[in-house]
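Position 158, counted from 1, in the sequence shown is what this note's numbering calls 213; the numbers after and before it change by one each time, with no gaps.
We treat Cβ as the ideally placed atom computed from N, Cα and C, and that holds for glycine.
The next block holds one structure in the form of structure tokens; read it before the comments.
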Amino acid sequence: MRQWRRTSDIKQSRLADILGVTQATVSRWESGAQSPAPLQYNLIHQMMTRKRNFRLDHAIKRLVMHSSQRVHLIEDRSHRLLCVSSPREAEWQRDAAPLLGTSLWRFATPEIASAEKSLHDLGWHEDQTDHLTFENSRRDGDPLRIVDSYILWERFFLSDGTAVRLTTGFDQQPNHV
56 MRQWRRTSDI KQSRLADILG VTQATVSRWE SGAQSPAPLQ YNLIHQMMTR
106 KRNFRLDHAI KRLVMHSSQR VHLIEDRSHR LLCVSSPREA EWQRDAAPLL
156 GTSLWRFATP EIASAEKSLH DLGWHEDQTD HLTFENSRRD GDPLRIVDSY
206 ILWERFFLSD GTAVRLTTGF DQQPNHV
């Protein structure tokens with residue numbers, strides 16, 4: 056695992072974030088002092104055997120940034136903002152650049168928090184479901200303006216194995232999901 060991680064240019068702390076463990080745990084795995092749990096072992100195996108396609112990652116980012124919809128991409132577990140569309144940035148009424156790389160969790164509405172809490176029971180992190188649509192309340196002011204009446208979350212993986220969540224906002228309940 057250590058050799059793969061180093062040749063893939065993934066730091067222990069980054070791998071730990073992806074797998075939802077501490078950097079010390081990754082270190083123990085690499086030294087043989089501890090073995091990953093079955094779920095983490097499967098994720099590591101998938102990452103090690105999957106051909107990395109950085110061009111696809113860049114295409115996803117480009118599609119999000121140039122989307123005409125209110126959409127943004129976050130890391131699934133940390134809620135760290137990866138990229139955002141212009142309509143989403145306009146909705147927020149603020150420059151998104153300072154938010155890139157930071158968690159958006161502090162801006163969650165009660166409905167977003169409730170939907171997040173439901174993910175475990177839905178098997179979200181065990182790949183039993185990869186999307187969720189829910190009704191949301193609007194917020195017109197601080198700390199972050201949110202105009203979406205409905206939110207669609209779609210989960211997928213980047214080439215480095217990072218689980219990400221595409222968040223799309225709608226004024227009316229989408230009927231294509």
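Residue range Ala218 to Phe225 is occupied by the beta strand (DSSP E) that includes Arg220. Val81 and Asn230 have their C-alpha atoms some 42 angstroms from each other. Phe189 and Glu171 do not touch by the CB rule: their CB atoms are close to 10 angstroms apart, not below 8 angstroms. Two segments are said to touch when three or more pairs of C-beta atoms, one from each, lie closer than 8 angstroms; by this definition the stretch 151-164 does not touch the stretch 173-182. About 6 angstroms separates the Cβ atoms of Leu128 and Val219, confirming a contact at the 8 angstroms cut-off.
Looking at the DSSP output, Arg117 shares a beta bridge with no other residue. The DSSP-derived three-state label of Thr157 is coil.
From the listed residues Gly216, Asp215 and Val119, the smallest Cα separation to Arg143 is found for Val119. Around the beta carbon of Arg110, fewer than 16 other beta carbons sit within 10 angstroms, so the residue counts as exposed.
DSSP assignment within the stretch 154-214 yields the following whole alpha helix (DSSP H) runs of 4 residues or more, N-terminal first: 165-177. Counting along the chain, His100 sits inside the alpha helix (DSSP H) bounded by residues Pro93 to Thr104.
When Ala88, Glu85, Asp185 and Leu98 are compared, the shortest CA-CA separation from Gly216 is found for Leu98. Per DSSP, the unbroken beta strand (DSSP E) holding Ile129 starts and ends at Val126 to Glu130. Secondary structure note for Val81: its alpha helix (DSSP H) is the uninterrupted segment Gln78 to Ser86. Going by beta carbons, Leu136 and Thr157 fall inside the 8 angstroms limit. Taking Asn108 as the centre and dropping the five residues before and after it, the same chain places the C-beta of Ser214 closer than 8 angstroms to its C-beta, in chain order. Comparing alpha carbon positions, the residue from Ser204, Gln67 and Gln124 closest to Arg194 is Ser204.
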